[in-house]
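Asks:
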Amino acid sequence: MYDRLKEFFRNEDGAVTVDWVVLTAAIVGLGIAGQLANAGVPVVLLDMPSAGDNRNAICERALERLLDVRQPGLLHKDFVELITIGNIEDDLDKIADADWIAEAVVERLDIKRSLYKDIDAIRKVGSIVSSNTSTIPIRELAEGLPDPSRFCGIH
2 MYDRLKEFFR NEDGAVTVDW VVLTAAIVGL GIAGQLANAG VPVVLLDMPS AGDNRNAICE
62 RALERLLDVR QPGLLHKDFV ELITIGNIED DLDKIADADW IAEAVVERLD IKRSLYKDID
122 AIRKVGSIVS SNTSTIPIRE LAEGLPDPSR FCGIH
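Whatever position you read off the sequence shown (first residue = 1), add 1 for the numbering used here.
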């Protein structure tokens, strides 16, 4: 499977490149972003906007958790520089160039479908949208998507 993915993401120079966006800075989404950074892959991490002046506070706190030596999520502290943070109200446009958009939001069909609608309005043709759902069948999540062949589960 990995070889097929490498071929899918090979650019015109022959290099394998994948631009990732992870939606949610909670435990699972943060873990995905951390492992991508550990592999040397730049990633955009988006969550809900925070109240107050710092709308990216949720993601900032998440990065602090990745750097916590008691529960390290990064192999080296410098890998945190590979993670760009934001929020889904101000920065959802960052998914426009992503090859892979990994959703790991709360397990509610209505919230996920609403987010997919927003993603589909912005994402580039050919990008992959995936869900880390553990309770909602993938076929239910894919219902109504313009191109369900570009949607998958990654749990």
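For glycine and all other residues, C-beta sits at the position ideal for the given N, C-alpha and C.
Just so it is clear, the structure is predicted and the values come from calculations on it, not from any experiment.
Are residue 95 and residue 45 touching if we call contact CB-CB under 8 Å?
Replies: In contact: residue 95 and residue 45 (Cβ atoms closer than 8 Å).
Asks: Using DSSP with H/G/I as helix, E/B as strand and the rest coil, what is residue 2?
Replies: With a pLDDT of 43 at residue 2, under the threshold of 50, the modelled position of that residue is not reliable, and no figure is offered here.
Asks: Cα-Cα, which of 111, 33, 48 and 151 is closest to residue 100?
Replies: That would be 151, whose Cα lies nearest to the Cα of residue 100.
Asks: From residue 3 to residue 146, what does the alpha carbon distance come to, in whole angstroms?
Replies: Because residue 3 sits at a pLDDT of 46, beneath the cut-off of 50, its placement in the model cannot be relied upon, and the following sentence gives the value as read from the coordinates. Roughly 25 Å separates the two Cα atoms.
Asks: Starting from the Cα of residue 38, find the closest Cα among 27, 85 and 114 and give me that residue.
Replies: With distances taken between Cα atoms, residue 38 lies closest to 85.
Asks: For residue 121, does the three-state DSSP call read helix, strand or coil?
Replies: Note: residue 121 maps to helix in three-state DSSP.
Asks: Determine which residues share a DSSP beta bridge with residue 131 and list them.
Replies: Answer is 103 and 153, bridged to residue 131.
Asks: Bridge partners of residue 87, per DSSP?
Replies: Paired residue(s): 47.
Asks: Using beta-carbon positions only, say whether residue 91 and residue 56 come within less than 8 Å of one another.
Replies: Contact flag set, yes.
Asks: Quick one: is residue 40 buried, meaning 16 or more other Cβ sit within 10 Å of its Cβ, or exposed?
Replies: Exposed, since its Cβ has fewer than 16 Cβ neighbours within 10 Å.
Asks: Taking the alpha-carbon positions, what's the residue 137 to residue 73 distance?
Replies: Answer to the nearest angstrom: the Cα atoms are 30 Å apart.
Asks: Looking at the strands, I want to know which residues DSSP matches up with residue 1.
Replies: It is not possible to answer for residue 1, since the shown part of the chain is limited to 2 through 156.
Asks: Can you give the Cα-Cα distance for residue 1 and residue 122, rounded to whole angstroms?
Replies: Because the chain spans 2 through 156 in this model, residue 1 falls outside it and cannot be assessed.
Asks: Does residue 96 come within less than 8 Å of chain C when only Cβ atoms are used?
Replies: In the structure shown, chain C cannot be found, because there is only a single protein chain.
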